[in-house]
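Trainee:
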Amino acid sequence: MPQLLNKPIHILGVGGIGTALGWALVQGGYSVFLIDNHPGKIAQGRKNGPTLPIGSGDRLQTPPTRLSLAFCRGELPGYLECNFNLIDARDVATGMILAMKKGRTGIRYLLGEENLRLSDWLNILSEETKQPLPRWKVPYSLALLVAWFSELWADHVSGKIPIATVTGVRLTRRNMFFDSSASSKELGLHPRPIREASRDAIAWYRAQGWL
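Residue numbers for the sequence shown, in this note's numbering: 138 to 348.
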């Protein structure tokens, strides 16, 4: 296996995904995985932008993992509909390696797989866990209010990660559908289906004792 010693990989994307990508690279036999996403430190070269990664290895429980865990535990009474593009974190790791091997200098590669609504993804999780879908679709204004109180409670009372954030709720108003086919074709990346990624993630959650 190639050794990525002293070769930083620059990630431009949504969410704190370093632990999951690091886990995926370690599973592939790579010895070093460095992340530097500070805007002032992005080096000239091959830049890799994942969409919204999900899957195994997210020990810090970033927002996609917290949401899927809440659903799988039956703790998600409602949801705010939104659009996004999902990709397995293992495929992001593979795409980053391919970009280092095959990518052209100065080109940003978009690493993504399936465009889904949140309800579509919850339906996949429901079929894999037999959990019923949430009964309530939360309106945007209510979700924003809940996020504001969640942040206030987390900052001044609980000290824990809020169940929703104002920035996260506001992002739901954007169309987060993307076409990454050009990048995948150039790099030779073939991401696995999101159903497979979700099934593997659920198995990993169970192995961690989270479910």
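For every residue, glycine included, the Cβ atom is placed at its ideal position computed from N, Cα and C.
Can you tell me whether DSSP reads Trp273 as helix, strand or coil?
Mentor: Correct three-state label for Trp273: strand.
Trainee: For Ala291, which residues from the same chain have a beta carbon less than 8 Å from its beta carbon, with the 5 sequence-adjacent residues on both sides left out?
Mentor: Around Ala291: Lys297, Ile298 and Pro299.
Trainee: Between the Cα of Leu248 and those of Ala236, Arg241, Ala284 and Ala340, spot the shortest distance and give me the residue it belongs to.
Mentor: Residue Ala236 is the option with its Cα nearest to Leu248.
Trainee: Is the beta carbon of Pro330 less than 8 Å from the beta carbon of Asp228?
Mentor: Taking 8 Å as the Cβ cut-off, Pro330 and Asp228 do not qualify as a contacting pair.
Trainee: Taking only the alpha-carbon atoms, compute the straight-line gap between Ile191 and Gly305 and give it to the nearest angstrom.
Mentor: Each residue's Cα considered, the two are about 16 Å apart.
Trainee: If you draw a straight line from the alpha carbon of Arg336 to that of Pro200, how long is it in whole angstroms?
Mentor: In a straight line, the C-alpha of Arg336 is about 18 Å away from that of Pro200.
Trainee: Using the DSSP secondary-structure output, state which residues sit across from Ile191 in a beta bridge.
Mentor: DSSP lists Asp225 as partners of Ile191.
Trainee: Under a three-way DSSP split, which group does Glu251 fall into?
Mentor: It is a strand residue.
Trainee: From the DSSP secondary-structure annotation, give me the bridge partner or partners of Tyr342.
Mentor: Bridge partners of Tyr342: none, in fact.
Trainee: Just list the residues that DSSP pairs Asn260 with in beta bridges.
Mentor: For Asn260, which the question treats as bridged, DSSP gives no partner whatsoever.
Trainee: Can you pull the DSSP bridge partners for Gly215?
Mentor: Answer is Trp273.
Trainee: Classify Gly211 as buried or exposed, calling it buried when 16 or more other Cβ atoms lie within 10 Å of its own Cβ.
Mentor: Exposed: under 16 other Cβ atoms inside 10 Å.
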